[in-house]
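Single-structure report; data block below.
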Ligand code: ADP
Ligand code: ZN
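Residue numbers (the numbering used here): 13 to 476.
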């Protein structure tokens with residue numbers, strides 16, 4: 013055998029062996045997509061961050077007039093960035109700037125360098141638009157491959173991608189990452205549940221990507237159709253992102269999709285269009301937070317009221333700086349997402365800091381008669397009730413001069429009386445939220461289901 017052939021064969025064998033490991037174990041957890049970068053000593057990681065930060069500030073300053081003016085007005089030049097602490101000198105970026113300079117006023121490369129544009133849904137007004145160079149697309153695939161691998165995905169897995177394809181970043185983000193990892197990708201896209209189930213059965217899907225709302229819908233549909241998820245399906249893993257979800261929901265979906273029974277589980281994934289889309293932070297098999305891929309995204313936590321940086325373990329708003337992005341980089345972008353940053357090394361051996369599950373948003377926090385209410389608090393109460401189906405709606409209106417919080421829930425079946433359910437829920441919600449709540453119990457299958465992100469909050473107090 014020629015040497016080249018031998019090398020090729022040996023490499024091929026090693027690769028297919030890597031792919032054949034399926035069941036989670038301690039060794040499995042200590043295995044990485046990019047071992048060097050993911051387990052690098054934190055001090056070394058910080059050196060890389062500083063070098064990239066300096067380069068990024070130069071790039072933004074030199075290639076975008078709007079961003080240059082902003083830095084100048086704040087009295088910052090690229091040479092002022094000498095340590096990571098100097099980050100605090102840089103002014104924040106916010107979503108409104110993207111809207112103001114829509115579509116590409118904040119771009120830092122000429123248009124011919126851009127190979128792709130995505131836009132975010134823009135539920136409150138104009139959408140935002142973000143461009144990618146080829147390097148940006150490649151980095152995106154890398155962070156997605158790390159994320160899918162950290163959840164337990166391997167070459168040989170069949171990945172059904174039920175995230176929306178198109179302007180939304182979810183579909184293509186997961187797609188490129190899963191291909192880079194070497195999984196067999198089936199781009200079903202969101203929706204058409206009957207076909208999703210058919211594909212899942214016929215292609216023996218092992219790894220599902222979709223929003224948690226869609227996973228609930230799929231679970232319900234599988235139950236309705238009487239499909240035995242353990243015997244008839246092969247789903248082992250899922251990576252859910254794009255919207256908040258709870259640990260209670262994790263348990264439910266792990267059961268309704270048969271993930272646990274096949275030795276896997278459901279993992280949380282976080283991202284936002286402004287940073288790249290999905291790929292910013294992802295849960296590993298230790299399930300103790302989401303690793304922020306910090307050689308590409310530099311995280312900070314700030315007090316959303318004062319803008320002051322907070323220490324490790326303190327709860328506040330996540331601020332991110334893109335360290336690698338070329339087409340549309342952002343310095344200190346305020347995500348509005350509330351979480352906690354943990355720098356302790358993880359049981360999985362990865363050194364990249366972890367964020368806790370997103371606890372709400374500093375801007376979608378509901379203020380009901382002066383009390384701060386996060387929708388996740390309501391969801392946590394509802395999910396304790398197995399007599400309820402997953403969908404629910406939160407409506408805020410005014411009863412006279414006062415805010416009125418209405419929670420619409422849906423019965424799974426009609427065994428428990430609507431009246432008694434209403435009473436119990438109203439009491440539990442009042443005790444948890446410290447405000448009174450009006451509960452409306454709807455019959456089975458009447459509240460809307462969503463194929464992408466759920467729209468569960470209707471604030472009728474707002475006047476546009
Ligand atoms: P849009 O703002 O149009 O919804 P994005 O898709 O960029 O567009 O949404 C990003 C936002 O989605 C994040 O800032 C965060 O609030 C939410 N999000 C994404 N992933 C998660 C997650 N795993 N848990 C909680 N919230 C998430
Ligand atoms: Zn970990």
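By construction, the Cβ of each residue, glycine as well, lies at the ideal position given by its N, Cα and C atoms.
What you are looking at is a predicted structure, and each value in this text was computed from that prediction instead of being measured.
Look at residue 98 and residue 92 and say whether their C-beta atoms are less than 8 Å apart.
Yes. Within cutoff.
Quick one: grab the DSSP three-state call for residue 186.
helix
Given 8 Å, three or more beta-carbon pairs between the region 268–275 and the region 226–242
yes
contact_flag[the region 337–350, the region 294–307] where n(CB pairs < 8 Å) is 3 or more:
no
Assign residue 281 to buried or exposed, taking buried as 16 or more other Cβ atoms, counted over all protein chains shown, within 10 Å of its Cβ.
When all chains shown are included, residue 281 counts as buried.
The alpha helix (DSSP H) that contains residue 233, what's its start and end?
Per DSSP, the continuous alpha helix (DSSP H) segment holding residue 233 begins and ends at 224–236.
Less than 6 Å between C-beta atoms, sequence neighbours within five positions excluded: which residues of the same chain meet that for residue 228?
402
Are the region 177–195 and the region 149–160 touching by the rule of at least three beta carbon pairs closer than 8 Å?
Three or more beta-carbon pairs separated by less than 8 Å link the region 177–195 to the region 149–160, which places the two stretches in contact.
So, residue 63 versus residue 362, is the Cβ gap smaller than 8 Å?
no
Local conformation of residue 322 per DSSP, three classes
coil
From residue 74 to residue 343, what does the alpha carbon distance come to, in whole angstroms?
14 Å
Can you tell me which of 207, 290 and 249 puts its alpha carbon nearest to the alpha carbon of residue 275?
249
Give, in chain order, every unbroken run of the beta strand (DSSP E) that is at least 3 residues long and sits entirely within the region 117–177.
128–132, 140–144 and 170–173
Just how far apart, CA to CA, sit residue 257 and residue 115?
31 Å
Spell out a yes or no on whether the region 166–176 and the region 211–231 are touching, meaning 3 or more CB-CB pairs, one atom from each, closer than 8 Å.
Of all C-beta pairs linking the region 166–176 to the region 211–231, three or more are shorter than 8 Å, placing the two stretches in contact.
Taking 8 Å as the cut-off, decide whether the C-beta atoms of residue 324 and residue 354 are in contact.
Yes. Within cutoff.
Distance cut-off 7 Å: residue 174 Cβ against heavy atoms of the ligand ZN:
In this structure, the C-beta of residue 174 stays at least 7 Å away from each heavy atom of the ligand ZN.
Keeping to the same chain, check which residues put their C-beta closer than 6 Å to that of residue 436; ignore five residues upstream and five downstream.
none
Which value, in whole angstroms, describes the spacing of the CA atoms of residue 217 and residue 201?
14 Å
How many angstroms separate the CA atom of residue 45 from the CA atom of residue 162?
Straight across, the Cα-Cα distance linking residue 45 with residue 162 is about 8 Å.
Along the chain, where does the alpha helix (DSSP H) that runs through residue 387 open and close?
387–395
Count the other C-beta atoms from every protein chain shown that fall within 10 angstroms of the C-beta of residue 76, then say buried if there are 16 or more, exposed otherwise.
buried
Per DSSP, residue 405 forms a beta bridge with which residues?
Beta-bridge annotation (DSSP): residue 405 is paired with 420.
Go through its chain and collect everything with a Cβ distance to residue 409's Cβ below 6 Å, but skip five positions before and after it.
416 and 472
Count the other CB atoms, across all protein chains shown, that sit within 10 Å of the CB of residue 207; report buried if there are 16 or more and exposed otherwise.
exposed
Run through the DSSP bridge pairs and tell me what residue 327 is partnered with.
352
Do you know how far the Cα of residue 90 is from the Cα of residue 388?
About 40 Å.
So residue 285 and residue 140 are in contact, right, with Cβ under 8 Å, and what is the actual spacing, rounded?
Yes, they are in contact, since the Cβ atoms of residue 285 and residue 140 sit about 6 Å apart, within 8 Å.
Residue 342, DSSP secondary structure in three states
Residue 342: coil per DSSP, three-state reduction.
Of the listed residues 444, 400, 70 and 364, nearest to residue 385 (C-alpha basis):
444
Alpha carbon of residue 6 to alpha carbon of residue 335, nearest angstrom:
As shown, the chain starts at 13 and ends at 476. That puts residue 6 outside it, with no answer to give.
For residue 282, name the three-state secondary structure that DSSP assigns.
strand
Since residue 396 contacts residue 420 with CB under 8 Å, what's their CB separation in whole angstroms?
At roughly 17 Å, the Cβ-Cβ gap does not stay under 8 Å, so residue 396 and residue 420 are not in contact.
Ignore the nearest five residues each way along the sequence and tell me which others in residue 380's own chain have a CB closer than 6 Å to its CB.
415, 417 and 447
Note down, in chain order, each residue of its chain lying with its Cβ closer than 8 Å to the Cβ of residue 209, except the 5 sequence neighbours on either side.
230, 233, 234, 237 and 239
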